[in-house]
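Enquirer:
Number of protein chains: 2
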Amino acid sequence: MATMKQVAERAGVSTSTVSHVINKTRAVSEDVRERVLAVIGEMGYIPNAMARSLKNDKTRTIGVSVPDNTHAAMAELLRGIEDAAFAVGYNIMLCNGYEDPQRQAAHLRSLIEKRIDGLVLVAGAARANEELAALLSSGRVPVVLADHAVAGVDTDFIGLDHEATGYLATRHLLELGHRRIACVAGPAHEPAGSARLAGCRRALAEAGLALDPKLLVHGSADCQGGHDAARRLLGLDAPPSALFACNDLMALGALCAAREAGVAVPAALSVAGGDDLGVAAFATPRLTTVAQPSHEMGRRLTELLLQRIQGDPAPRHQTRLGGQLVVRHSTAAPQAR
Amino acid sequence: MATMKQVAERAGVSTSTVSHVINKTRAVSEDVRERVLAVIGEMGYIPNAMARSLKNDKTRTIGVSVPDNTHAAMAELLRGIEDAAFAVGYNIMLCNGYEDPQRQAAHLRSLIEKRIDGLVLVAGAARANEELAALLSSGRVPVVLADHAVAGVDTDFIGLDHEATGYLATRHLLELGHRRIACVAGPAHEPAGSARLAGCRRALAEAGLALDPKLLVHGSADCQGGHDAARRLLGLDAPPSALFACNDLMALGALCAAREAGVAVPAALSVAGGDDLGVAAFATPRLTTVAQPSHEMGRRLTELLLQRIQGDPAPRHQTRLGGQLVVRHSTAAPQAR
DNA sequence: CTGTTAGCGCCTTCAG
DNA sequence: CTGAAGGCGCTAACAG
Chain A
1 MATMKQVAER AGVSTSTVSH VINKTRAVSE DVRERVLAVI GEMGYIPNAM
51 ARSLKNDKTR TIGVSVPDNT HAAMAELLRG IEDAAFAVGY NIMLCNGYED
101 PQRQAAHLRS LIEKRIDGLV LVAGAARANE ELAALLSSGR VPVVLADHAV
151 AGVDTDFIGL DHEATGYLAT RHLLELGHRR IACVAGPAHE PAGSARLAGC
201 RRALAEAGLA LDPKLLVHGS ADCQGGHDAA RRLLGLDAPP SALFACNDLM
251 ALGALCAARE AGVAVPAALS VAGGDDLGVA AFATPRLTTV AQPSHEMGRR
301 LTELLLQRIQ GDPAPRHQTR LGGQLVVRHS TAAPQAR
Chain B
1 MATMKQVAER AGVSTSTVSH VINKTRAVSE DVRERVLAVI GEMGYIPNAM
51 ARSLKNDKTR TIGVSVPDNT HAAMAELLRG IEDAAFAVGY NIMLCNGYED
101 PQRQAAHLRS LIEKRIDGLV LVAGAARANE ELAALLSSGR VPVVLADHAV
151 AGVDTDFIGL DHEATGYLAT RHLLELGHRR IACVAGPAHE PAGSARLAGC
201 RRALAEAGLA LDPKLLVHGS ADCQGGHDAA RRLLGLDAPP SALFACNDLM
251 ALGALCAARE AGVAVPAALS VAGGDDLGVA AFATPRLTTV AQPSHEMGRR
301 LTELLLQRIQ GDPAPRHQTR LGGQLVVRHS TAAPQAR
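Written as structure tokens, this is what we have:
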């Protein structure tokens with residue numbers, strides 16, 4: 001691959017002149033400039049960003065560590081990050097951590113070797129191991145945390161307001177007149193799910209109700225988990241008239257279980273989810289849910305990170321972005337008995 | 001950040017010795033080795049991969065350009081790539097091209113500046129513009145093409161066998177006894193969709209049938225497109241008894257439309273899709289579809305690319321990976337009339 | 001077994 | 001307006 005030196009020779013100028021025409025970093029006579037540009041075109045010269053980075057100590061690359069890019073919400077977040085980064089000429093290095101601190105640490109180590117300018121970390125529920133925590137808090141790389149705090153890592157954070165999500169969905173069910181409301185939650189230790197559950201409880205409490213322990217079922221945070229949980233709830237002696245599933249996947253699973261149990265939605269059971277995946281709008285029936293601004297979260301995280309990279313000394317930033325209730329056809333007033 | 005030189009000074013040795021203990025690239029006396037390692041630990045020294053790459057001309061980074069990482073199939077593919085790359089110590093630079101040749105070219109240019117070792121390109125349906133094509137065929141970077149050929153770029157290719165997918169799904173419907181089979185297809189120019197449609201036609205032809213033009217509806221390749229197409233089909237004077245949607249999103253949309261039209265699935269209408277998204281198994285009813293080995297495709301693409309990077313001169317490789325029919329509850333024999 | 005040296009490709013003073 | 005020279009951090013001959 002052509003180098004600047006070769007370009008310089010062929011154009012009969014010094015490398016510094018070539019450098020300056022490329023970067024417009026000092027005045028160059030018009031004819032020299034044109035000649036150099038012509039040679040660059042002919043030779044198909046493309047500057048070597050590594051050599052450049054070695055000098056500047058800036059790679060214009062940011063690392064992104066997510067638990068799993070196939071989760072719809074992660075994918076959306078990732079897209080927000082990539083969009084915001086591209087807009088200012090940065091590239092993204094993607095790492096799937098799979099909630100495995102070992103793997104995450106290996107990734108991060110590699111990213112640091114490659115001297116990323118910053119890191120967007122979506123940690124997931126797993127606790128960071130010692131190595132990962134050390135790398136993160138060593139301050140070698142600016143880090144912004146997405147949606148999940150990481151114990152011992154005190155840095156900028158932008159997340160979703162999961163508590164509000166649970167609250168909004170549940171209040172919607174209450175406003176429809178439901179009183180016997182179940183919650184289908186993910187694994188108990190998972191922070192996002194726990195917050196949504198807490199929001200659910202708060203809404204219930206405001207209505208003078210408490211969540212019946214029999215109506216709270218934990219399961220895996222996917223369709224299968226939602227399906228199994230709903231089936232259990234529908235088998236109860238006194239089944240709920242409405243159900244809040246902590247995320248859309250679980251809600252979709254619940255819808256599936258209801259249909260298989262011959263329970264009509266929303267006539268006999270209202271179901272609300274949270275996320276607003278693309279397919280939720282076309283579920284049977286179309287799912288009422290709480291849309292999350294995942295793309296925006298990615299964008300804002302990136303903008304924040306870029307500010308830190310530029311040395312912005314502002315105090316630690318922490319926000320949670322609210323979701324929006326989207327009422328569709330899976331919820332309705334309870335049937336008269 | 002600590003440099004090798006600093007480590008060398010502090011350990012009282014030369015940088016080359018430090019280099020050699022790090023890379024185990026020549027014998028070093030045990031005590032010196034230990035001393036160096038100790039200093040590395042103390043100082044938290046992490047080698048600078050850029051400086052290293054400047055010498056080797058290898059970055060251990062591969063670029064991945066996809067149309068949009070939020071599409072479920074892309075996400076799965078991407079994960080396959082990342083997994084395979086991580087397994088051999090490579091990192092991934094992710095770019096979303098959004099079917100925009102301009103943006104793709106900008107990304108590729110940036111990746112070349114950063115001297116990626118290779119590129120996995122998922123081109124999408126859009127035609128490459130001049131700049132992009134030039135960059136791709138200039139041979140500066142080994143490229144493997146995923147699923148979509150690119151005009152003028154003659155290189156390794158691994159895709160999905162979309163034709164077989166259409167064939168399998170349609171033959172399944174035929175074997176159930178359907179004769180009036182509709183096809184819900186994506187945009188006419190889209191290669192994957194067209195191939196699935198062709199497979200559908202082939203299965204029909206083998207059964208001595210032809211696809212009734214009225215029963216072929218093109219639309220956007222998402223839930224909305226599938227929904228609208230199905231609604232149109234169900235409004236026909238002689239509606240189909242079965243329907244093959246070229247992908248799961250469209251199939252899910254079709255399911256939605258059927259329910260809204262009061263058409264029971266599978267009693268009055270069988271629906272088959274193609275992809276096997278995670279949610280397909282929990283659709284109402286659970287969707288019969290053709291699962292695609294997207295993850296495997298990503299893995300194989302990466303392995304192939306890595307071979308090319310290592311200079312493997314084997315002739316151009318071209319494969320299409322077959323999908324697998326997954327029969328669930330959205331298809332059944334046609335109702336007697 | 002260890003150190004010295006010469007770059008990798010680029011930017012950036014410092015001179016002219 | 002232009003060129004020469006030094007150095008970013010690391011590796012790999014080449015000496016000893």
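One line per chain: the protein sequences are A and B, in this order. Going by UniProt numbering, the first residue of the first sequence is number 1, and it counts up by one from there. Going by UniProt numbering, the first residue of the second sequence is number 1, and it counts up by one from there. Just so it is clear, CB atoms sit at the ideal spot from N, CA and C, and this is done for glycine as well.
Against S138 of chain B, what residues of chain A qualify as contacts under a CB-to-CB distance less than 7 Å, listed in chain order?
Expert: What S138 of chain B touches in chain A: G44.
Enquirer: According to DSSP, simplified to helix, strand and coil, what is A314 of chain A?
Expert: A314 of chain A falls in the coil class under three-state DSSP.
Enquirer: In chain order, what are the residue ranges of uninterrupted beta strand (DSSP E) at least 3 long that sit wholly in the segment 201-260 of chain B?
Expert: The segment 201-260 of chain B contains these whole beta strand (DSSP E) runs: 216-218 and 242-245.
Enquirer: Is the beta carbon of L108 of chain A closer than 9 Å to that of V64 of chain B?
Expert: Not a contact, by the Cβ cut-off of 9 Å.
Enquirer: Report whether the distance from the Cβ of L234 of chain A to the nearest heavy atom of the ligand ADP is below 8 Å.
Expert: The ligand ADP is absent from the structure shown, which contains no ligand whatsoever.
Enquirer: Please report the straight-line C-alpha distance between L255 of chain B and L135 of chain B, rounded to a whole angstrom.
Expert: Distance between the alpha carbons of L255 of chain B and L135 of chain B: 43 Å.
Enquirer: In chain order, which alpha helix (DSSP H) runs of at least 4 residues are fully inside the segment 111-141 of chain A?
Expert: Qualifying alpha helix (DSSP H) stretches, in chain order: 130-137.
Enquirer: Could you spell out where the alpha helix (DSSP H) holding I309 of chain B opens and where it closes?
Expert: From DSSP, the alpha helix (DSSP H) with I309 of chain B extends over S294 to I309.
Enquirer: Below 8 Å, how does it come out for the segment 115-135 of chain B and the segment 96-104 of chain B: are there three or more Cβ pairs, yes or no?
Expert: Short answer: they touch.
Enquirer: By alpha-carbon positions, which one of B:R328, B:G193 and B:P142 ends up nearest to D312 of chain B?
Expert: Ranking the options by Cα distance to D312 of chain B, first place goes to B:P142.
Enquirer: What does a CB cutoff of less than 7 Å around E190 of chain B pick up in its chain, not counting 5 residues either side in sequence?
Expert: Only A125 and A221 meet the Cβ criterion.
Enquirer: Please list, in chain order, the chain B residues whose beta carbon lies closer than 9 Å to that of K114 of chain A.
Expert: By Cβ distance, chain B contributes N48, A49, M50, S53, T59, R60, T61 and N91.
Enquirer: Counting contacts by CB-CB distance shorter than 9 Å, is M1 of chain A in contact with chain B?
Expert: For M1 of chain A, the answer is yes, since a Cβ of chain B falls inside 9 Å of its Cβ.
Enquirer: Taking only three categories from DSSP, how would you classify L325 of chain A?
Expert: Residue state, collapsed to three classes: strand.
Enquirer: With respect to the alpha helix (DSSP H) encompassing L145 of chain B, which residues constitute its N-terminal and C-terminal limits?
Expert: Segment V143 to A146 is the beta strand (DSSP E) holding L145 of chain B; no alpha helix (DSSP H) there.
Enquirer: Is it right to say K114 of chain B is buried, meaning 16 or more other beta carbons lie within 10 angstroms of its own, or is it exposed?
Expert: It counts as buried.
Enquirer: What are the boundary residues of the beta strand (DSSP E) that includes S270 of chain A?
Expert: Element bounds for S270 of chain A: S270 to A272.
Enquirer: Looking at chain A, is there any beta carbon in it that lies within less than 9 Å of the beta carbon of A198 of chain B?
Expert: No, because no Cβ of chain A sits closer than 9 Å to the Cβ of A198 of chain B.
Enquirer: If you measure from the beta carbon of D83 of chain B to each beta carbon in chain A, is any gap under 9 Å?
Expert: Output row for D83 of chain B: interface = yes.
Enquirer: Is L252 of chain A close to chain B, meaning its C-beta is less than 9 Å from at least one C-beta of that chain?
Expert: Yes, because at least one Cβ of chain B sits closer than 9 Å to the Cβ of L252 of chain A.
Enquirer: Quick one: which residues of the segment 212-237 of chain B get their C-beta closer than 9 Å to a C-beta of chain A? List them in chain order.
Expert: Answer in chain order: D222, C223, Q224, G226 and H227.
Enquirer: Can you confirm whether the segment 284-301 of chain B touches the segment 78-89 of chain B when touching is taken to mean that 3 or more C-beta pairs between the two stretches lie within less than 8 Å?
Expert: Touching, yes, given that three or more Cβ pairs across the two stretches are closer than 8 Å.
Enquirer: Three or more C-beta pairs closer than 8 Å, one from the segment 266-278 of chain A and one from the segment 43-62 of chain B: is that the case here?
Expert: As far as the Cβ criterion goes, the segment 266-278 of chain A does not touch the segment 43-62 of chain B, which means the pair count is below three.
Enquirer: In the DSSP assignment, what residue or residues form a beta bridge with M93 of chain B?
Expert: DSSP lists A:M93 and B:G63 as partners of M93 of chain B.
Enquirer: Run through DSSP, which three-state label would L160 of chain A get?
Expert: It is a strand residue.
Enquirer: Comparing alpha-carbon positions, which option in A:L174, A:V7, A:K55 and A:A283 lies nearest E42 of chain A?
Expert: The candidate whose alpha carbon is nearest that of E42 of chain A is A:V7.
Enquirer: Verify the CB distance criterion: does H107 of chain A have a CB-CB separation below 9 Å to chain B?
Expert: By this cut-off, H107 of chain A is an interface position.
Enquirer: Measuring only between beta-carbons, confirm whether G273 of chain B sits less than 9 Å from chain A.
Expert: Not one chain A Cβ lies under 9 Å of G273 of chain B.
Enquirer: Going by other Cβ atoms of all chains shown within 10 Å of its Cβ, with 16 needed for buried, is T25 of chain A buried or exposed?
Expert: By the neighbour-count rule (16 or more Cβ atoms within 10 Å), T25 of chain A is not buried but exposed.
Enquirer: What residue from A:A332, A:L215, A:I22 and A:N96 has the CA that sits closest to D237 of chain A's CA?
Expert: The shortest C-alpha separation from D237 of chain A is found at A:L215.
Enquirer: Does V184 of chain A come out as helix, strand or coil in the three-state DSSP assignment?
Expert: V184 of chain A: strand per DSSP, three-state reduction.
Enquirer: Cβ of E76 of chain B less than 9 Å from any chain A Cβ?
Expert: Judged by the 9 Å Cβ criterion, E76 of chain B is in contact with chain A.
Enquirer: Could you tell me the alpha carbon to alpha carbon distance between A203 of chain A and R171 of chain A, rounded to whole angstroms?
Expert: C-alpha separation (whole angstroms): 6 Å.
Enquirer: Using a Cβ-Cβ distance under 9 Å, would L255 of chain A count as near chain B?
Expert: Yes - at least one Cβ of chain B is within 9 Å of the one on L255 of chain A.
Enquirer: Tell me the DSSP secondary structure of T319 of chain B in three-state form.
Expert: Three-state DSSP puts T319 of chain B in a strand.
Enquirer: Hey, out of A:Q307, A:A185, A:P67 and A:P47, whose CA is closest to D248 of chain A's CA?
Expert: Closest by alpha carbon: A:A185.
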